[in-house]
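Residue numbers (our numbering): 1 to 359.
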Ligand code: NAP
Ligand code: ZN
């Protein structure tokens with residue numbers, strides 16, 4: 001029998017959330033049924049439901065920061081059993097056979113990979129994400145949440161955690177390295193915590209000084225207001241690595257100037273407009289301008305284990321979704337840069353309207 005689960009859905013671009021009943025597929029042999037406890041709100045959810053990237057397919061149930069417990073498993077499942085604490089991130093399937101999949105970089109599956117929402121599964125069905133009480137996912141894409149991390153503070157690690165961990169590791173954040181994180185939001189605050197835990201000297205670059213005290217508590221040693229021209233000038237040539245998490249357009253050249261020679265500016269923020277960079281600003285100092293997309297399944301597990309080892313979880317505000325307007329308001333607050341620092345939905349509060357009476 002397919003499972004029916006309460007969910008939060010957006011019926012069209014710009015429309016508010018509504019609580020609905022959603023059908024999840026019958027368990028296949030390799031499937032895990034997860035009782036979702038918490039789902040984080042990522043800015044990508046907002047870009048998607050507002051159709052800022054195009055290609056939105058309505059109705060959409062967003063949510064790719066999922067944490068919960070295993071409720072049932074298919075006959076062939078070997079990695080998980082009922083009651084295990086688990087997470088699901090941005091991917092729910094990949095071919096498992098192409099070179100990127102074999103290398104553990106499922107996000108670059110050539111088939112391609114199936115996203116947790118707004119994506120067509122290999123069975124042709126549209127996927128629906130974590131703003132719901134249950135989800136069915138093939139076991140290969142399910143992560144184990146270590147015991148030391150609460151499910152609420154673990155949920156955002158499944159996207160914000162891995163999206164910052166992967167480039168910080170790849171580009172060498174660690175002792176002796178000066179790392180700047182641009183934007184102290186959902187991704188940014190995890191970037192600060194993880195880079196500090198890796199041993200780097202971390203600076204936060206934020207629009208104002210409002211988040212300076214919070215940034216220090218997250219692990220930053222310096223905080224610079226990007227609106228302060230003198231402070232930005234003083235920061236020129238000082239960073240080995242800059243991680244840009246900003247969801248809006250930025251002047252790339254202004255940030256390239258802050259790098260030391262051979263430094264790297266890694267973009268993970270996803271506004272839609274092109275960057276404009278004159279070659280002189282890359283060539284002078286042999287600078288690297290690059291990007292990074294989430295992370296594969298093995299690296300996501302590595303990140304969760306790293307966070308448990310270092311006592312890291314997301315800094316969260318928990319949302320009650322019984323009034324769906326709360327979620328609409330939360331989206332506006334994220335866009336205004338007002339969340340401290342990740343909203344998670346307590347999915348047990350999702351309350352669909354009762355079915356109409358039958359005569
Ligand atoms: P978020 O919580 O809204 O954080 C973004 C931060 O950017 C804000 O807190 C704010 O920090 C800063 N900001 C916002 N508007 C700005 C503006 N107009 N000018 C300058 N700074 C601004 O968003 P998020 O969930 O961290 O996601 C950030 C971006 O990463 C989104 O575009 C999202 O789609 C993308 N993303 C990418 C990947 C990937 O695989 N690459 C994965 C997940 C998300 P301050 O207040 O400190 O300035
Ligand atoms: Zn995300």
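The beta-carbon is built from N, C-alpha and C at its ideal position, and this holds for glycine as well.
Counting along the chain, where does the alpha helix (DSSP H) carrying residue 387 start and finish?
The chain is shown from 1 up to 359; residue 387 falls before or after that span and cannot be answered.
Segments of 3+ residues assigned as beta strand (DSSP E) that fall wholly inside the region 22-99:
31-40, 66-73, 85-88, 91-93
Return the Cβ separation of residue 190 and residue 314 in integer angstroms, given the expectation that the two are a contact with Cβ distance under 8 Å.
Taking the chain shown and counting its residues from 1, the one referred to as residue 190 is at position 190. Taking the chain shown and counting its residues from 1, the one referred to as residue 314 is at position 314. Correct: roughly 6 Å between the Cβ atoms.
Beta-carbon distances below 5 Å to any heavy atom of the ligand ZN define the shell here; list its residues in chain order, please.
42, 44, 159
One or two residues paired with residue 171 in a DSSP bridge
As a position in the chain shown, residue 171 is number 171, starting the count at 1. Residue 171 pairs with nothing; no bridge assigned.
Just to confirm, does residue 322 get its C-beta within under 7 Å of one of the non-hydrogen atoms of the ligand NAP?
On the chain shown, residue 322 is found 322 positions in, with the first residue counted as 1. Incorrect: residue 322 has no Cβ contact closer than 7 Å to the ligand NAP.
Suppose you measure from the CA of residue 87 to the CA of residue 169; what does that come to, to the nearest Å?
As a position in the chain shown, residue 87 is number 87, starting the count at 1. As a position in the chain shown, residue 169 is number 169, starting the count at 1. About 21 Å.
Using the Cβ count rule (16 or more neighbours within 10 Å means buried), how would you classify residue 355?
In the chain shown, the residue the question calls residue 355 occupies position 355. Exposed, since its Cβ has fewer than 16 Cβ neighbours within 10 Å.
Would residue 345 pass as a contact of residue 159 if the rule is Cβ separation under 8 Å?
In the chain shown, the residue the question calls residue 345 occupies position 345. In the chain shown, the residue the question calls residue 159 occupies position 159. Not in contact: residue 345 and residue 159 (Cβ atoms no closer than 8 Å).
Could you please give the first and the last residue of the uninterrupted beta strand (DSSP E) stretch that includes residue 136?
Position 136 of the chain shown holds residue 136. 134-138 is the span of the beta strand (DSSP E), which, as asked, contains residue 136.
Would you say residue 222 touches the ligand MN, meaning its beta carbon is less than 7 Å from a heavy atom?
Looking for the ligand MN in the displayed structure turns up nothing; the ligands present are the ligand NAP and the ligand ZN.
Per DSSP, the bridge partner or partners of residue 346:
Start at 1 with the first residue of the chain shown, and residue 346 comes out as number 346. 38, 320.
Verify whether the separation of the beta carbon atoms of residue 107 and residue 35 is less than 8 Å.
In the chain shown, counting from the first residue as 1, residue 107 sits at position 107. In the chain shown, counting from the first residue as 1, residue 35 sits at position 35. Annotated as distal: residue 107 and residue 35, with beta-carbon spacing of 8 Å or more.
Residue 83: which of 33, 278, 20 sits nearest, CA to CA?
The residue you call residue 83 lines up with position 83 of the chain shown. Comparing Cα-Cα distances from residue 83 to each of 33, 278, 20, the minimum goes to 33.
Quick one: measure Cβ to Cβ for residue 287 and residue 265, integer angstroms, because I've assumed they're closer than 8 Å.
If you number the chain shown from 1, residue 287 lands on position 287. If you number the chain shown from 1, residue 265 lands on position 265. Rounded, the Cβ-Cβ distance is 7 Å, consistent with contact.
Tell me the DSSP secondary structure of residue 127 in three-state form.
As a first step, residue 127 must be located in the chain shown, where it is residue number 127. Three-state result, residue 127: coil.
Under three-state DSSP, which class holds residue 9?
As a working note, residue 9 is residue 9 in the chain shown. Strand at residue 9.
Once DSSP output is grouped into helix, strand and coil, what is the label at residue 103?
In the chain shown, the residue the question calls residue 103 occupies position 103. Coil at residue 103, not helix or strand.
Starting from residue 267, trace the beta strand (DSSP E) in both directions and tell me its first and last residue.
Taking the first residue of the chain shown as position 1, residue 267 is located at position 267. Unbroken beta strand (DSSP E) run through residue 267: 259-267.
8 Å Cβ cutoff met for residue 304 and residue 145
Along the chain shown, read from residue 1 onward, the residue named residue 304 stands at position 304. Along the chain shown, read from residue 1 onward, the residue named residue 145 stands at position 145. Contact: yes.
Determine whether the beta carbon atoms of residue 243 and residue 179 lie at a separation below 8 Å.
For the purposes of this step, residue 243 is identified with residue 243 of the chain shown, where counting begins at 1. For the purposes of this step, residue 179 is identified with residue 179 of the chain shown, where counting begins at 1. Contact flag set, yes.
Looking at residue 47 and the ligand NAP, is the gap between the Cβ and the nearest heavy atom below 7 Å?
Within the chain shown, residue 47 is the residue found at index 47, counting from 1. Yes, the Cβ of residue 47 comes within 7 Å of a heavy atom of the ligand NAP.
DSSP on residue 222, reduced to helix/strand/coil?
If you number the chain shown from 1, residue 222 lands on position 222. The answer is strand: DSSP assigns residue 222 an E or B state.
Compare the Cα-Cα distances from residue 268 to each of 319, 285, 185 and report the closest residue.
Stepping through the chain shown from its first residue, residue 268 is reached at position 268. Among 319, 285, 185, the Cα nearest to that of residue 268 belongs to 185.
With a threshold of 8 Å, are at least 3 pairs of Cβ atoms found where one atom belongs to the region 6-16 and the other to the region 119-126?
no
Just the Cα atoms here: how many angstroms apart are residue 137 and residue 50?
The sequence position of residue 137 within the chain shown is 137, counting from 1. The sequence position of residue 50 within the chain shown is 50, counting from 1. One alpha carbon belongs to residue 137, the other to residue 50, and they sit about 26 Å apart.
From which residue to which residue does the beta strand (DSSP E) around residue 300 run?
Looking up residue 300 in the chain shown gives position 300. Residue 300 -> not in any beta strand (DSSP E); alpha helix (DSSP H) instead, spanning 297-309.
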